[in-house]
Amino acid sequence: MNGFLIVNKPAGMTSHDAVNAVRRMSGTRRVGHAGTLDPMATGVLVLALGAATRLVQFIDGSDKTYRATLRLGETTTTYDADGDLVERRPVTVSPAEIEAALAGFRGPIAQIPPMYSAVKVKGHKLYKLARQGKEIERAARPITIYRLDVLAWALPDVTIEVVCSAGTYIRSLAHDVGQVLGCGAHLTALIRTAAGDFRLEDAYTLEALDELAQAGRLAAALLPPEAVLTALPVIALTPEQEQAVRFGQTVMLDGAPAGTLAQARDAAGRLVAVMFPLEPGVWRPKIVLP
């Protein structure tokens, strides 16, 4: 059970709840997730099992795609529908005004994370401070919105599609768009439709995974560990080189592709390690898989 599961997380469940569900199904405690989804959100959640948990870093920082619904005219404490109503204002904006507001968020921007988030400031998680009624100053963080389009609108609701860099808070985006429009806004629905190369149409519901597990076929849903390494070139190892790599030793690889990282595979094409070059032709394993 070493690999990745692409889960369609349901609403009302935390990402950690999904991890616990798969732990029960798989019988292993070694399960982790990449790219946290809020309880209200649904869609693509990538889970890693077994040794594949060591490769989460290669999907955690990938771009994400979302379909989000904003409710204009209302702001909440959490910037989404799970929070308490803070203010209600009339909504008189036009499609042109909405498009003009969205234009200001496309490209590289600085985003302030919401108070209700797991971001740490001086060792304190923001959401814990928020639950105590405290609000502190948060530093803006650089993100990139690659695409931001209106899919539908029926005021006071506007549905948008967002393609963005890792670390983007769609709740904050909804709130900030509302502030620019002058009427306020919060998030009422959020679906992650893609995380890196993984798409919603390829995701399994937890019910479908449970059926596979009951039939002893959960492994059939697993993607191999190398599924998250498609951006890295491949190095083919001889049996002697494979043995050396498994012991953490450096190997000479003449003609290996240039770059900072590469995936090393055995004669059968199975992933052995993620390698990095010490100098031209000399490679050392960074992560070794069983």
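Under the working numbering, read the sequence shown as residues 1 to 290, first letter to last. Built from N, CA and C at the ideal position, the CB exists for glycine as well. If you're wondering where the values come from, they're calculated on a predicted model, not measured in any experiment.
Handout entry: Other residues of its chain near L49: CB distance less than 8 Å, five sequence neighbours each side excluded
Key = M1, N2, G3, F4, L5, V22, S26, T28, R30, V31 and L222
Exercise for the section: Just the C-alpha distance for A219 and L200, rounded to the nearest angstrom, thanks. Expected result: 19 Å
Problem - Reduced DSSP secondary structure (H/G/I, E/B, other) of Q249 - result: coil
Practice task
Look up D202 in the DSSP assignment and say whether it is helix, strand or coil.
Solution key: helix
Exercise for the section: May I have a chain-ordered list of the alpha helix (DSSP H) segments no shorter than 4 residues that lie completely inside the region 160 to 213? Expected result: 170 to 181
Handout entry: Rounded C-alpha distance that separates G290 from V245
Key = At residue 290 the sequence reads Pro, which differs from the Gly that was named. Cα to Cα, P290 sits roughly 11 Å from V245.
Practice task
Below 8 Å on the Cβ atoms is my guess for I98 versus V158; work out the distance and round it to an integer in Å.
Solution key: 6 Å
Practice task
Assign L70 to buried or exposed, taking buried as 16 or more other Cβ atoms, counted over all protein chains shown, within 10 Å of its Cβ.
Solution key: The residue in question, L70, is buried, as its Cβ has 16 or more Cβ neighbours within 10 Å.
Practice task
Rounded to whole angstroms, what's the CA-CA distance from R171 to T75? Just pull it up for me.
Solution key: 11 Å
Problem - Distance between A203 and E211 (C-alpha atoms, nearest Å) - result: A203 has its alpha-carbon roughly 15 Å from the corresponding atom of E211.
Handout entry: Whether D17 touches D80 by CB criterion (8 Å)
Key = no
Practice task
Tell me, please, whether the region 131 to 148 touches the region 94 to 113 by the rule of three or more beta-carbon pairs shorter than 8 Å.
Solution key: yes
Exercise for the section: State the start and end residues of the unbroken alpha helix (DSSP H) segment that holds V274. Expected result: No alpha helix (DSSP H) holds V274; the beta strand (DSSP E) holding it covers L271 to E279.
Problem - Same chain only: Cβ atoms within 7 Å of R284, ignoring 5 sequence neighbours per side - result: Only T250, M275, F276 and L278 meet the Cβ criterion.
Problem - Beta carbon of A185 nearer than 8 Å to that of L72 - result: Result yes, Cβ atoms of A185 and L72 sit closer than 8 Å.
Exercise for the section: Specify the secondary structure class of T128 as computed by DSSP and reduced to three states. Expected result: Inspection of the sequence shows that residue 128 is occupied by Lys rather than by Thr. Note: K128 maps to helix in three-state DSSP.
Exercise for the section: Determine the closest residue to D149 out of P114, P257 and R67, with distance taken between C-alpha atoms. Expected result: R67
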